[in-house]
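Participant:
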Amino acid sequence: MRKLSLLFLILSLIVFSLTSAQATKITIWCSEKQVDILQRLGEEFKAKYGVAVEVQYVEFGSIKPNFLTAAPLGKGADIIVGAHDWVGELVVNGLLEPIPEFKDIKQFYDTALKAFSYGGKLYGLPYAMEAIALIYNKDYVKNPPLTMESLITTAKKINTAYKGKVKGFVTSAAEFYYVAPVIFGYGGYVFKDTPTGLDVSDIGLATPGAIKGVKLWKRLVDEGILSPGDNYQIMDSLFKEGKAAMIINGPWAVKAYKDAGVNYGVTVIPNLEAKVPAKPFVGVQGFMVNAKSPNKVLVREFLINFIATKDTMHKIYLADPRLPARKDVLALVKDNPDIVGFTKSASNGIPMPNVPEMAAVWGAMNDALNLVVNGKATPEEALSNAVKTIRAQIKK
Amino acid sequence: MVKILKILLWFILALLNAIFLLFGIYLIRNAYYELGIVLLSALILIDFFILNPKAYPYRYTIPALIFLFLLVLYPIYFTIKTAFTNYGTGHIFTREEAIERLLYDPNYTYILEEKPIKFKIFSVFKDSQPTDDFLIIFEIDKEYYIGGIPLPKKQRGREILLREGKLTKIKNKIFDLDGKTFEVSPYPFNIDNIDFISTSNKVYKPIFMLDNPELEKNFYYFTLIIQKYLIQTEYVDKETGKILGVKIDNDGRWKFFIVDRLYRLSYENIGEDGKTKTKLVIINTKTKKTIIEEKGSFYDIDDKGNRIFLVGYSAFVGFENFTRILTDEQVSGPFFRVFLWTIIWSLLTVLFSFSLGLSFALVLNNRKLKGRNLYRTLLIIPWAIPYFISVLTWRNGIFNETYGILNKIILPFLGMEPIKWFNDPFWAKVICLTVNTWLTFPYMMTVSLGALQGIPDELYEVSAIDGAGKWHRFWYITFPLLLAVVAPLLISSFAYTFNNFTLIYLLTAGGPPMVGATTPAGHTDILISYVYKLAFEGRGQEFGFASAIAILIFFLVAGISLMNFKLSGAFEEIRGEQ
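So the protein lines, in turn, are chains E and G. When we follow our numbering, the leftmost residue of the first sequence carries the number 1, and every step to the right adds one. When we follow our numbering, the leftmost residue of the second sequence carries the number 1001, and every step to the right adds one.
(1) Less than 6 Å between C-beta atoms, sequence neighbours within five positions excluded: which residues of the same chain meet that for E/Ala21?
(2) Once you ignore the five residues that flank E/Leu90 on each side, which residues in its own chain have a CB closer than 6 Å to its CB?
(3) Can you give me, in chain order, the residues of the segment 101 to 133 of chain E that have a beta carbon less than 8 Å from any beta carbon in chain G?
(4) Per DSSP, what kind of secondary structure is G/Ile1149 in: helix, strand or coil?
(5) Does chain G have any CB closer than 8 Å to the CB of E/Gly409?
(6) Leaving out five residues before and five after G/Ala1451 in sequence, what residues of the same chain have Cβ atoms less than 7 Å from its Cβ?
(7) By alpha-carbon positions, which one of G/Tyr1375, G/Pro1186, G/Thr1199, G/Ile1160 ends up nearest to G/Leu1177?
(8) Where do the ends of the alpha helix (DSSP H) carrying E/Pro181 lie?
(9) Once DSSP output is grouped into helix, strand and coil, what is the label at G/Phe1319?
(10) Kindly indicate the opening and closing residues of the beta strand (DSSP E) around G/Gln1232.
(11) Please name the residue in E/Gly242, E/Ala325, E/Tyr264, E/Ile248 whose C-alpha comes closest to that of E/Lys165.
(12) For G/Lys1205, list the residues DSSP reports as bridge partners.
(13) Compare the C-beta of E/Pro356 against all C-beta atoms of chain G and say whether one is closer than 8 Å.
(14) Would you say E/Lys344 faces chain G, with C-beta separation under 8 Å as the test?
(15) Between G/Thr1363 and the rest of its own chain, which residues show a CB-CB distance below 7 Å, the 5 nearest in sequence each way excluded?
(16) As an exercise, report each continuous alpha helix (DSSP H) stretch of at least 4 residues that is fully enclosed by the segment 29 to 67 of chain E, in chain order.
(17) Return the residue from the list E/Ser227, E/Ala368, E/Val329 that minimises the CA-CA distance to E/Asn159.
(18) When the cut-off is 8 Å and only beta carbons count, does E/Pro228 lie next to chain G?
(19) Check the C-beta distance from E/Val387 over to E/Ala115 and give it rounded, since I have them as a contact under 8 Å.
(20) Is there at least one Cβ from chain E nearer than 8 Å to G/Ala1535's Cβ?
(21) Tell me which residues share the same chain as E/Val35 and place their Cβ nearer than 7 Å to its Cβ, disregarding the 5 neighbours each side in the sequence.
(22) Does the distance from the C-beta atom of G/Val1311 to that of E/Gly94 stay below 8 Å?
(23) Pull up the distance between the alpha-carbon of G/Pro1513 and that of G/Asn1306, whole angstroms please.
(24) What number of angstroms, rounded off, separates the C-alpha of G/Phe1122 from the C-alpha of E/Leu73?
(25) Is E/Ala21 helix, strand or coil by DSSP?
(26) Could you give the distance in angstroms between the alpha-carbon of G/Thr1278 and the alpha-carbon of G/Ser1266?
(27) Given that a residue counts as buried once 16 or more other Cβ atoms are within 10 Å of its Cβ, and exposed if not, what is G/Lys1142?
(28) Measure how close the beta-carbons of G/Met1117 and G/Ile1140 come, nearest whole angstrom, since I'm counting them as under 8 Å.
(29) Who are the near neighbours of G/Thr1502 in its chain, counting only those whose CB is closer than 7 Å to its CB and skipping five residues on each side?
(30) Please check if any C-beta of chain E sits within less than 8 Å of the C-beta of G/Pro1116.
(31) Residues in the same chain with beta-carbon distance under 7 Å from G/Tyr1229, minus the five sequence neighbours each way, listed in chain order, please.
(32) I'd like to check one pair, E/Ala77 with E/Gln285: are the Cβ atoms closer than 8 Å?
(33) Give the straight-line distance between the Cα atoms of E/Glu273 and G/Thr1508, rounded to the nearest whole angstrom.
(34) Does the Cβ-Cβ distance between E/Gln393 and E/Ala360 come in under 8 Å?
(35) Quick one: give me the first and last residue of the beta strand (DSSP E) that G/Pro1130 is part of.
(36) Does the Cβ of G/Lys1126 have 16 or more other Cβ atoms within 10 Å, making it buried, or fewer, making it exposed?
What follows is the structure in structure tokens.
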């Protein structure tokens, strides 16, 4: 008899643990940099609204894949914090909940809102924008170059003056993201922007403008300023050690340079020619809502009436200083020269396409640039071939 | 003592039954039918083996059986099943789920009349806190309606997709709702001045109303009620068929509107083979057009006649994925070049690492060698260091074209030009082979050492008497005997290398790219890495396509291994000896 009752107890425990309703709480997946601030904001929100916010750290690169696995099963976080270029894939899969229009929406930059829009609906609340810019070491460069021409002369001067101990200019040589400013600057584009969204059948990566841009990039290699083996890790560590005078990198890297004691400055990427500005990719970070979340209404309250406010956005900025997506927050932080530098760069920029077709572009363009930088193909060949590859990949 | 043990065992069986049954039912309820069936059939088998005395010997296979089902048979089944579908980005739901989403998702409703409906929510208080027990009074065209807690109408697993509430007109001070009698006070009323609604043992007090400063303080409780009940609710007036739903207005506040669903099921007559059939379709209630269903996707048509993708589901596509590998030139073009390199790479890796491993093993097997253990330990190190660290060290520390030790120090020192390790197809292949040989020779060495121990010394003594030299002894005694033991391992090592995605992905990522290829193929891409790029770097993920190629690769590897076995006669020899 006791045996039976014990069995019954255990069974009922199992049933209970499977069925017991959990207290309502909002779960957020975010990467390292937002964990602290979101936890603090979560406490504030709980004090105000009585709903707990659980912030879980997920490595940035794993957020989207994890979400793609969990969300269709009705699991996963209520909110994920990530990049706007995930939107297309997640929306096509039916995993994101649109964010209805709200009162303060006009306070957000159009670029940021546009980046999170897909098919005419807003699918994310932007909080920060980012674009790469020229970062220079003031110990070597007094006046940052304003055109590519002067970048080349400055870099050459430094290369000869320090006999190779300090590199004049380094960046990731064959990565589309870092080469994009010159391609877009001369009029190249990834997908044609139309009023109803991006037209993925119109690819502008082998247009005369794009070719002209890549030729300019190749010149940097030919003149011995960029080495074909230069990649992100190399650029980052050289600059940190004070062995590089100028690099092109994004706002995410700056804190490490400050910590390393580098006397750095941030400014726009030099104009390609006089009055032809470089146009970097603009990435937007934001909050996206799980379409299958059982807490959509609370999540909306959390995002719209709490996160989207000027105060909170400012707090997030202070914890993770990136270009704020809210205009009035930018006004609060104008005295930060880094932010001004990156803002100028981003204001010239182009939002990274958020359509799923973009996945095909990276690999193809990196391959093409690799061939060009290593002299295995001319820019014309490599680019038109890359466009063919992209077409073949996205055709279905 | 025995008795207690027996009771304990019965208890464990009961527990196992309970857990499996619960999980099985849980899985089936959540529409994972296959896995649920696998689990339940495993349970039946287990019970049968234990309860039936004749099946006694099978009891010991139970653990293996469970894992066989879960880790081998189910994944195989799932891969094959997926290979015939378009499962992937845009097609991850089931058809049922996709349709449910169109029919019940609150996002697919639209507002019929722009004017919001005035409403007031009442709830039973407990310890001065509102509870979930609520009533809503609506004012529609100067008439008053009451709605109670909406009941679930459509459910999926434990998720409630749609709730429905009935609207009842309030005509008197006392009215009936769901068989209970309520009293509203004061009466006659306008919506602003109602103080409470009471029924036999409960009193409902106002908790929320828009534009009522006193009640708007309770916004938090209102939000909770929306969250829990109202967001997926339709309040239906049975007489007029009007539907009330909660929506966010332009000012960002939650309000009730008269809404309609954008998509509804409908029957359509279509002529097929001379007969008219009635088919269940989904229509857009705004445009009155039937929405298009094609290859696992639903499309709506906008005013300009353009197709708009709504939602997709994973659908059966037959052999489409397989034919695509063979007939789509974009895919099949570089396929054979990649295939050839895959075979060369696997063969050479096995050859190099085996030769190297065997040489070391022969040296270490010499008993006269001093400090054998030290050497052996040192030689096993490459195997012991984590794969990722080794490979990345090779890539960035040794072979990097600008900063690697080879191009920066060693080659200039020897007076040679730096080599474009990663951008020259030949050298990139050399790197792959070098690194993989380095990583696998310790394994071959260990295996050979073990096999060498098994060769009896008498054979060497006899051959020494016959006057055979070192080479003769190696080629006629050591090597054949060794091969008999090692050959199956070489073949499995070949199959492993054939699919060694990690090494290629970490080391060269398949590069350098093939000039002129229209697919993302590189010179060092092996089949599996090529497939990865095809399936996952296009338009999102294509699991169906990837599964199809995975099956193809399975047959390739199986075929090659079979051929190998036949040619080497490895199995026959071992079988012959026993």
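We put the CB at the ideal spot given by N, CA and C, even for glycine.
Facilitator: The answer reads as follows:
(1) With a pLDDT of only 44 at E/Ala21, under 50, the local geometry of the prediction cannot be trusted, and no value is derived from it.
(2) Leu96
(3) Glu101, Phe102, Lys103, Gly119
(4) coil
(5) In the structure as shown, chain E begins at 1 and stops at 396. Residue 409 of chain E is therefore absent and cannot be evaluated.
(6) Leu1482, Val1485, Val1486
(7) G/Thr1199
(8) 176 to 185
(9) coil
(10) It is not in any beta strand (DSSP E) - G/Gln1232 carries neither H nor E in the DSSP assignment.
(11) E/Gly242
(12) G/Ser1123
(13) yes
(14) no
(15) The identity of residue 1363 of chain G in the sequence shown is Val, whereas the question assumes Thr. Taken in chain order, the residues that qualify are Leu1369.
(16) 32 to 49
(17) E/Ser227
(18) yes
(19) No, E/Val387 and E/Ala115 are not in contact; Cβ-Cβ is about 23 Å, not under 8 Å.
(20) no
(21) Val55, Tyr57
(22) yes
(23) 38 Å
(24) 35 Å
(25) With a pLDDT of 44 at E/Ala21, under the threshold of 50, the predicted position of this residue should be treated as unreliable, though the coordinate-derived value follows. In this structure, E/Ala21 counts as coil in the three-state DSSP scheme.
(26) 10 Å
(27) exposed
(28) Looking at the sequence shown, residue 1117 of chain G is not Met but Ile. The pair is a contact, with the Cβ atoms about 6 Å apart (cut-off 8 Å).
(29) Tyr1387
(30) no
(31) Ile1149, Pro1150, Arg1163
(32) no
(33) 36 Å
(34) yes
(35) 1129 to 1140
(36) exposed
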